[in-house]
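Residue numbers (numbering that gives the first Met the number 0): 0 to 494. Data first, discussion second: the structure below is written as structure tokens.
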Amino acid sequence: MALFRKESPREEPLPQVSPAPSVISSSQPSSPKEKPEEEKRIQDNLILPLEPEPPGTPRQRGAISKERAAILKLQLQIADHLRQQMVPDLPLEMPWERTPEREQAVFRALETFVNRGNLRVPPQLTKEQFYKNIMNEVFGFGPIQPLIDRDDITEIMVNSPYIVFIEKDGHLAESGYKFLDDEHVLRIIKRIVLPLGRTVLYDHPLIDARLPDGSRVNAVIPPCAIDGPNITIRKFSREKLTIDDLLRFGSLNENMARFLEAAVVSRLNIIVSGGTGSGKTTLINILSGFIPEDERTVTVEDAAELQLRQRNVVRLETKKPSPNSPTEVTVRDCVVNALRMRPERIVVGECRSAEALDMLQAMNTGHDGSMTTIHANSPRDCISRLETLVLMAGVELPVMVIRKQIASAINLIVQASRLRDGSRKVTQITEILGTEGENVVMQDLFIFLDEGDGPDGKVRGYHSSTGMRPNCDAVLKRNGFDLPATMFMKGSRRG
């Protein structure tokens with residue numbers, strides 16, 4: 000291949016980069032001004048030290064030094080050269096599957112360039128770092144690939160080419176990772192969405208997609224993105240968490256875990272309520288693990304995130320309209336179709352629109368044990384939100400009728416919360432008892448009692464039973480769960 004030949008007069012030489020001490024790499028020591036916790040994050044290679052920015056730099060846009068831009072440009076040029084030589088028919092915006100054999104081919108090509116003197120490793124990087132960065136441009140998602148590869152990072156937020164934030168352990172931090180420019184970010188967006196049959200057009204600037212590992216991706220491009228293309232990646236654990244993990248994290252206690260297992264197996268209808276980033280999807284994934292193997296379940300999602308491990312599961316996903324395929328398939332369409340698939344349970348990833356009405360009707364017509372999530376800050380807010388979503392279906396129902404539907408369909412609301420220290424906990428398990436007058440009657444069975452912040456900044460508190468015996472106790476007993484009365488005694492803190 001031409002890739003391995005010495006330069007000829009007709010070949011354009013590979014670009015060189017001059018020494019630039021100000022370029023930041025993960026091997027550089029941190030600045031003495033950095034806070035201890037930031038120093039630790041830098042030592043862990045979680046973030047890179049932040050470059051000083053010229054006066055007048057827009058705060059929401061950021062900047063990149065000339066030296067660092069030169070290195071990024073060099074890495075891109077080499078990556079593009081390798082791609083065009085090795086897979087000339089594959090557009091640069093399309094991903095190229097990473098295999099050990101292909102990595103070896105790229106490695107040998109880079110070694111050839113360096114050994115022949117055609118390429119110099121920038122002094123700010125080790126050869127290993129330099130090669131890895133090029134590999135990420137050839138096969139992966141460029142500068143943010145190291146963040147995607149880390150299991151301890153839960154969110155990646157590319158605000159602009161020069162500002163990338165991450166979330167770890169519930170805390171946000173600027174990562175120090177940068178792109179070369181807007182086109183570089185746009186290329187990565189295309190690399191994410193093109194394999195899904197989607198296109199990136201300025202007429203369709205709002206994009207939802209997912210990575211091969213199931214992580215949720217949202218991207219916005221101009222004209223809607225004022226400071227340049229941006230990307231938000233919500234990552235999920237590659238290993239499915241279990242209820243034991245939640246116990247270990249302190250997200251709930253043992254009494255709550257036993258009760259939730261009994262509730263799922265006994266086919267109670269459950270809504271997981273919570274704000275953004277509160278762990279709703281994680282929680283519903285864990286609860287779905289209690290569904291017996293012999294029951295048929297149909298899942299419906301806007302973007303596939305649920306990870307049910309049972310064998311008799313059918314997964315449905317919505318379809319966005321595109322220039323090549325203008326037909327849209329909504330969550331509501333999928334829920335209606337799911338009812339024709341002989342499901343015993345329906346699990347909807349999130350109710351956010353008119354599908355709430357169909358979900359309630361399914362729960363009321365023999366599909367016991369169904370589950371969904373909803374954005375709400377408390378169980379009472381969850382009821383109000385459901386009322387609003389049902390009205391979005393365009394069916395003119397009196398509010399009282401809607402409330403009766405809700406009260407007869409839903410048994411439990413499990414409230415998930417992201418606390419001020421970044422931890423995620425189940426803060427309430429609430430049972431719906433019915434209606435009284437115009438109100439939906441509920442009772443808390445378990446709550447989290449917040450005792451303020453400790454010296455380390457962590458939220459102190461504990462989970463406790465409220466002293467209320469669940470109305471669904473008879474249903475649980477019929478299904479083999481004779482839970483002791485001590486579980487529900489006020490102040491019970493087991494686990």
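Quick reminder that beta carbons are idealized off the backbone N, C-alpha and C, glycines included. For clarity, every value in this text was computed on a predicted model and none was experimentally measured.
Which residue wins for smallest C-alpha separation from residue i, given the options the options?
i           : options               : result
residue 136 : 103, 104, 187 and 173 : 187
residue 103 : 81, 122 and 87        : 81
residue 265 : 474, 484, 417 and 54  : 474
residue 218 : 423, 487, 211 and 200 : 200
residue 303 : 55, 345 and 214       : 214
residue 417 : 125, 276 and 67       : 276
residue 123 : 211, 105 and 71       : 71
residue 421 : 442, 167 and 255      : 167
residue 411 : 244, 379, 226 and 483 : 379
residue 469 : 100, 299 and 261      : 261
residue 351 : 119, 331, 366 and 363 : 331
residue 484 : 263, 467 and 477      : 467
residue 74  : 109, 87 and 225       : 109
residue 370 : 307, 423 and 387      : 307
residue 195 : 79, 207, 179 and 479  : 207
residue 222 : 202, 471 and 76       : 202
Between residue i and the rest of its own chain, which residues show a CB-CB distance below 7 angstroms, the 5 nearest in sequence each way excluded?
i           : result
residue 399 : 437
residue 252 : 462, 492, 493 and 494
residue 56  : 62
residue 376 : 274
residue 144 : 135
residue 21  : The pLDDT assigned to residue 21 is 32, lower than 50, so where the model puts this residue is not dependable; a value taken from the coordinates is nonetheless given after this. The residues are 64 and 66.
residue 313 : 297 and 340
residue 433 : 406 and 440
residue 233 : 154, 214 and 215
Would the beta-carbon of residue i fall within 8 angstroms of that of residue j?
i           : j           : result
residue 462 : residue 492 : yes
residue 285 : residue 220 : no
residue 340 : residue 297 : yes
residue 413 : residue 428 : yes
residue 159 : residue 60  : yes
residue 150 : residue 287 : no
residue 140 : residue 147 : yes
residue 254 : residue 486 : yes
residue 129 : residue 142 : no
residue 249 : residue 415 : no
residue 361 : residue 299 : no
residue 211 : residue 224 : no
Could you check where the alpha helix (DSSP H) with residue i kicks off and where it finishes?
i           : result
residue 389 : 378 to 390
residue 281 : 279 to 287
residue 363 : 354 to 363
residue 67  : 65 to 85
residue 255 : 253 to 264
residue 248 : 242 to 248
residue 135 : 126 to 138
In terms of residue numbering, what span does the beta strand (DSSP E) encompassing residue i cover?
i           : result
residue 461 : 458 to 464
residue 314 : 312 to 316
residue 581 : For residue 581 there is no data in the structure shown, the boundaries of the chain being 0 and 494.
residue 111 : Premise fails: residue 111 lies in the alpha helix (DSSP H), 99 to 114, not in any beta strand (DSSP E).
residue 323 : Residue 323 -> no beta strand (DSSP E), and no H or E assigned at all.
residue 423 : 423 to 435
residue 518 : Residue 518 lies beyond the residue range present for the chain, which begins at 0 and ends at 494; the question has no answer from this structure.
residue 159 : 154 to 159
residue 203 : Unbroken run through residue 203: none, as it is neither H nor E.
residue 167 : 162 to 167
Grab me the residues of residue i's own chain with a C-beta within less than 6 angstroms of its C-beta, minus the 5 sequence neighbours each way, in chain order.
i           : result
residue 295 : 311, 342 and 343
residue 93  : 193
residue 356 : 389 and 392
residue 368 : 266 and 344
residue 189 : 92 and 199
residue 443 : 427, 429 and 465
residue 31  : Note that residue 31 has pLDDT 40, beneath the 50 cutoff, so the model's placement of it is unreliable and the number below is only indicative. Within the same chain, residue 31 has no close Cβ partners at all.
residue 353 : 331, 391 and 392
Residues in the same chain with beta-carbon distance under 8 angstroms from residue i, minus the five sequence neighbours each way, listed in chain order, please.
i           : result
residue 170 : 421
residue 328 : 317 and 318
residue 452 : 419, 420, 458 and 459
residue 96  : 138
residue 489 : 463, 464, 465 and 466
residue 305 : 280, 283, 284, 287, 298, 314, 346 and 348
Are the C-beta of residue i and some C-beta of chain D separated by less than 8 angstroms?
i           : result
residue 248 : Within the model displayed, chain D is absent; a lone protein chain is all it includes.
Would you say the stretch 114 to 133 touches the stretch 170 to 187, given that touching needs at least three Cβ pairs under 8 angstroms?
no
Can we say the stretch 264 to 271 touches the stretch 312 to 326, given the rule of at least three CB pairs closer than 8 angstroms?
no
Would you call the stretch 346 to 355 in contact with the stretch 320 to 327, where contact means no fewer than 3 C-beta pairs closer than 8 angstroms?
no
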